[in-house]
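What follows is one structure encoded as structure tokens, with my remarks underneath.
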Amino acid sequence: MESLEMGVATSQERVRPLASAGRQLRGFSKKVTAKVVEVAKKVMKLGQDDPRRVVHSLKVGFALSLVSLIYYLQPLYNSFGINAMWAVMTVVVVFEFFVGATLSKGLNRGLATLLAGALGVGATHLASLSGKTGEPIMLGFFVFLQAAGTTFVRFFPRIKAKYDYGMLIFILTFALVSVSGFREDKIVEFAHKRLSTVVIGGSACLIISIIVCPVWAGEDLHRLIASNMEKLANFLEGFKVEYLRESEDGDSNRDMSLFQEYKSVLGTKSKEESLQYLKVGASIRQCAYRIEALEGYLTTKFQAPPQVQTRLKELCVEMAMEAAEALRQLSSSLKTMATPSSAIPHLEKSRTAAKALKSLLKTTSWKDATDLLAVVHATTVTSLLTDITDCTDKIAESVNELASLAGFKTAEKAKKDLTCDEVVLTVTAPEVTVSSENGSPLVKSPPAPVL
Numbered sequence: 003m004e005s006l007e008m009g010v011a012t013s014q015e016r017v018r019p020l021a022s023a024g025r026q027l028r029g030f031s032k033k034v035t036a037k038v039v040e041v042a043k044k045v046m047k048l049g050q051d052d053p054r055r056v057v058h059s060l061k062v063g064f065a066l067s068l069v070s071l072i073y074y075l076q077p078l079y080n081s082f083g084i085n086a087m088w089a090v091m092t093v094v095v096v097f098e099f100f101v102g103a104t105l106s107k108g109l110n111r112g113l114a115t116l117l118a119g120a121l122g123v124g125a126t127h128l129a130s131l132s133g134k135t136g137e138p139i140m141l142g143f144f145v146f147l148q149a150a151g152t153t154f155v156r157f158f159p160r161i162k163a164k165y166d167y168g169m170l171i172f173i174l175t176f177a178l179v180s181v182s183g184f185r186e187d188k189i190v191e192f193a194h195k196r197l198s199t200v201v202i203g204g205s206a207c208l209i210i211s212i213i214v215c216p217v218w219a220g221e222d223l224h225r226l227i228a229s230n231m232e233k234l235a236n237f238l239e240g241f242k243v244e245y246l247r248e249s250e251d252g253d254s255n256r257d258m259s260l261f262q263e264y265k266s267v268l269g270t271k272s273k274e275e276s277l278q279y280l281k282v283g284a285s286i287r288q289c290a291y292r293i294e295a296l297e298g299y300l301t302t303k304f305q306a307p308p309q310v311q312t313r314l315k316e317l318c319v320e321m322a323m324e325a326a327e328a329l330r331q332l333s334s335s336l337k338t339m340a341t342p343s344s345a346i347p348h349l350e351k352s353r354t355a356a357k358a359l360k361s362l363l364k365t366t367s368w369k370d371a372t373d374l375l376a377v378v379h380a381t382t383v384t385s386l387l388t389d390i391t392d393c394t395d396k397i398a399e400s401v402n403e404l405a406s407l408a409g410f411k412t413a414e415k416a417k418k419d420l421t422c423d424e425v426v427l428t429v430t431a432p433e434v435t436v437s438s439e440n441g442s443p444l445v446k447s448p449p450a451p452v453l
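Here our numbering runs 2 ahead of the position in the sequence shown, where the first position is 1.
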């Protein structure tokens with residue numbers, strides 16, 4: 003009996019590790035499955051947020067497959083040899099999301115390769131004049147001088163901003179051509195093949211980028227500026243309800259994401275550095291910084307001395323709503339490429355409310371105010387709203403300047419382009435004289451209306 007119990011115990015001890023391993027394996031498989039599902043959802047969301055990303059990925063794959071034919075097809079490979087790989091490398095590093103960025107990188111790479119190749123050939127020729135012993139010394143000196151000088155030039159801000167990639171290619175190509183020239187007899191042919199494959203790769207990138215679903219940075223920048231104005235307007239409209247508390251009961255389930263949208267405006271400077279959009283974007287960010295300061299008061303109810311609370315509240319509401327509507331009209335004018343004339347009335351009302359608010363603050367006697375915290379609170383909020391109104395005026399000035407430079411349509415013309423009026427044409431049939439046998443008067447056919 004004891005031996006039987008010992009056998010059962012032994013078998014249980016053997017099964018227990020297996021059961022534990024099975025549970026761990028099932029737990030691991032569940033974690034892996036959950037991770038795969040999570041990654042798949044992120045991939046789907048990334049593609050749904052901007053389908054152009056999927057198209058761009060397909061374009062890059064197609065361009066790589068196309069230039070790879072230089073390596074696969076024997077006649078083309080006979081012409082370029084191992085240098086065909088430079089066409090593939092060019093596609094990998096040059097192809098960008100926007101057409102302009104692709105063109106910029108392609109020109110940087112092409113010009114840098116041309117100039118560095120020519121200088122490399124010249125350096126090899128000069129080094130060869132010094133004899134077999136002095137040639138490697140001279141080549142090493144030339145490479146050192148060129149690499150050190152070009153690397154130092156890259157530290158200049160303007161050079162680094164526009165030509166940093168070209169400088170890197172310049173260093174790489176010069177070193178490859180000059181160093182290869184020490185062992186390569188046909189150095190000119192080598193440089194020519196390298197330049198040709200770079201041109202082929204860059205041309206393939208540019209042609210595919212322009213022909214197949216082109217993406218222009220200007221369009222995205224235009225929509226970004228308009229969207230940023232909408233986000234600021236959303237906050238100001240929400241501020242009226244959330245902070246000034248027009249309804250006492252409030253809505254605890256209100257979507258607070260609208261109050262956070264403005265924060266994305268603060269980090270868009272790098273995308274706006276293009277001509278006049280930089281000025282408009284800077285004005286929008288200044289307004290967003292004021293709104294960020296104003297957001298700190300959303301958690302508290304509007305406080306002001308009793309003698310001026312009602313009037314202050316009315317003026318704050320008017321300023322916030324008129325500034326919000328002005329921003330919406332400015333955003334709409336950018337989207338439709340029309341002059342922002344519809345924003346002028348809202349800007350004037352906002353200015354009038356701001357002047358009335360300043361006047362009220364100056365004429366009110368604060369000596370009898372017992373709640374100093376309420377005084378400071380009301381003064382701070384009204385001051386921030388006044389600053390936001392001033393920023394809205396600056397945004398309007400920048401948009402008007404942009405409209406003038408870009409030749410925006412007038413509001414009336416834009417409205418005509420969007421509205422197709424119904425036109426009624428009246429076609430008059432030719433007169434037909436009907437002669438009656440019984441001598442009745444002549445009858446004329448009536449006009450036929452045609453829609």
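Beta carbons: idealized from backbone N, C-alpha and C, even for Gly. Fair warning: this is a prediction, and the values are worked out from it, not measured in the lab.
### Message
Beta-carbon within less than 8 angstroms of Asp251's beta-carbon, same chain only, minus the 5 sequence neighbours each way: which residues are those?
### Response
Because the pLDDT of Asp251 is 46, which lies under 50, any placement of that residue in the model is unreliable, and the number read from its coordinates should be weighed accordingly. There are no such residues.
### Query
Applying the criterion that 16 or more other CB atoms from any shown protein chain within 10 Å of the CB defines a buried residue, is His127 buried or exposed?
Counting Cβ neighbours within 10 Å, His127 comes out exposed, since fewer than 16 surround it.
### Task
Report, in whole angstroms, the separation of the C-beta atoms of Ala405 and Pro342, which I expect to be a contact under 8 angstroms.
7 angstroms between Cβ atoms; contact.
### Query
For Lys164, which of helix, strand or coil comes out of DSSP?
Secondary structure at Lys164: helix, using DSSP grouped into helix, strand and coil.
### Task
Using three-state DSSP, classify Lys188 as helix, strand or coil.
In this structure, DSSP gives Lys188 a state outside helix and strand, which the three-state scheme calls coil.
### Status (buried if at least 16 other CB within 10 Å, exposed otherwise) for Phe157
When all chains shown are included, Phe157 counts as exposed.
### Task
Give the DSSP bridge partners of Lys411, in chain order.
Answer is Ala340, bridged to Lys411.
### Task
Determine the direct distance from the alpha carbon of Ala345 to that of Leu386, and round the result to whole angstroms.
Those two C-alpha atoms are separated by around 21 angstroms.
### Query
By Cβ distance below 8 angstroms, which residues in the same chain neighbour Ile173 in space, the five residues on each side in sequence not counted?
Answer for Ile173: Ala118, Gln148, Ala149, Thr152 and Thr153, listed in chain order.
#### Entry: Three CB pairs or more closer than 8 angstroms across the stretch 186-205 and the stretch 135-145
Output reads no: the stretch 135-145 does not touch the stretch 186-205.
### Message
Rounded to the nearest angstrom, what separates Thr365 and Leu359 at their Cα positions?
### Response
C-alpha of Thr365 to C-alpha of Leu359: approximately 10 angstroms in a straight line.
### Message
Between the alpha carbons of Ser276 and His224, how many angstroms are there, rounded?
### Response
With a pLDDT of 49 at Ser276, under the threshold of 50, the modelled position of that residue is not reliable, and the figure given next carries that caveat. Separation of Ser276 and His224 (C-alpha to C-alpha, rounded to the nearest whole angstrom) is 11 angstroms.
### Query
Taking the alpha helix (DSSP H) that Ser106 falls in, what are its first and last residues?
For Ser106, the enclosing alpha helix (DSSP H) stretches over residues Val101 to Ser130.
### Message
Between Glu324 and His348, how many whole angstroms is the CB-CB distance? I'm expecting something under 8 angstroms.
### Response
Glu324 to His348, Cβ: 5 angstroms. Contact.
### Task
Taking only the alpha-carbon atoms, compute the straight-line gap between Ser352 and Gly203 and give it to the nearest angstrom.
If I take the Cα positions, the gap works out to 56 angstroms.
### Task
Quick one: residues in its chain with C-beta nearer than 7 angstroms to the C-beta of Arg292, no 5 flanking neighbours on either side, listed in chain order?
The beta carbon of Arg292 sits closer than 7 angstroms to those of Leu386, Asp389, Ile390 and Cys393, all from its chain and outside the five residues before and after it, given in chain order.
### Task
Could you tell me the distance, in whole angstroms, from the CA atom of Tyr299 to the CA atom of Glu327?
One Cα belongs to Tyr299, the other to Glu327, and the distance between them is close to 22 angstroms.
### Task
Kindly indicate which residue of Glu294, Thr104, Ala322 and Val319 has the alpha-carbon position closest to the one of Gly168.
Distance from the Cα of Gly168 is smallest, within the candidate group Glu294, Thr104, Ala322 and Val319, for Thr104.
### Whole-angstrom distance between Arg55 and Ala42, CA atom to CA atom
Each residue's Cα considered, the two are about 16 angstroms apart.
#### Entry: Residue span of the alpha helix (DSSP H) that contains Gly136, given as start and end
Per DSSP, Gly136 belongs to the alpha helix (DSSP H) from Gly133 to Val155.
### Query
Are the beta-carbon atoms belonging to Val383 and Ala206 less than 8 angstroms from one another?
Their beta carbons are not under 8 angstroms apart, which means Val383 does not touch Ala206 by this criterion.
#### Entry: Reduced DSSP secondary structure (H/G/I, E/B, other) of Glu98
DSSP places Glu98 in coil when its eight states are reduced to three.
### Query
By DSSP, does Tyr279 sit in helix, in strand, or in coil?
In the structure shown, Tyr279 sits in a helix (DSSP, three-state: H, G or I).
### Message
Just to confirm my understanding: we take Ser22, look at its own chain, exclude 5 residues before and 5 after, and list those with CB closer than 6 angstroms. What are they?
### Response
Cβ-Cβ distances below 6 angstroms link Ser22 to nothing in the same chain once the five nearest sequence neighbours on each side are left out.
### Query
If you draw a straight line from the C-alpha of Ala219 to the C-alpha of Ser211, how long is it?
Each residue's alpha carbon lies about 12 angstroms from the other.
### Query
So is Arg330 buried or exposed if we call it buried at 16+ other beta carbons inside 10 Å?
Counting other Cβ atoms within 10 Å of its Cβ, Arg330 reaches 16 or more and is therefore classed as buried.
### Task
Determine the contact status of Val101 and Val217, defining contact as a CB-CB distance below 8 angstroms.
Annotated as proximal: Val101 and Val217, with beta-carbon spacing under 8 angstroms.
### Task
Taking all protein chains shown into account, decide if Leu27 is buried (16 or more other Cβ within 10 angstroms of its Cβ) or exposed.
Exposure of Leu27 is indicated by the presence of fewer than 16 other C-beta atoms within 10 angstroms of its C-beta.
#### Entry: Asp52, DSSP secondary structure in three states
DSSP places Asp52 in coil when its eight states are reduced to three.
### Message
For the alpha helix (DSSP H) containing Phe82, name the first residue and the last one.
### Response
Counting along the chain, the unbroken alpha helix (DSSP H) around Phe82 starts and ends at Gln76 to Phe82.
### Query
Taking Cβ positions, are Leu314 and Ala380 nearer each other than 8 angstroms?
Going by C-beta atoms, Leu314 is nearer than 8 angstroms to Ala380.
### Query
Over what stretch of residues does the alpha helix (DSSP H) that includes Pro216 continue unbroken?
Premise fails: Pro216 is in no alpha helix (DSSP H) and is neither H nor E.
#### Entry: Own chain residues within Cβ distance below 6 angstroms of Glu232, not counting five before or after
Setting aside the 5 residues that flank it on each side, Glu232 is surrounded in the same chain by Ser333, each with a C-beta closer than 6 angstroms to its C-beta; the list follows chain order.
### Query
Which two residues bound the contiguous alpha helix (DSSP H) that contains Thr365?
Here the alpha helix (DSSP H) through Thr365 covers Ile346 to Thr365.
### Query
Based on Cα-Cα distance, which residue from Gly136, Glu294 and Lys396 lies nearest to Phe237?
Ranking the options by Cα distance to Phe237, first place goes to Glu294.
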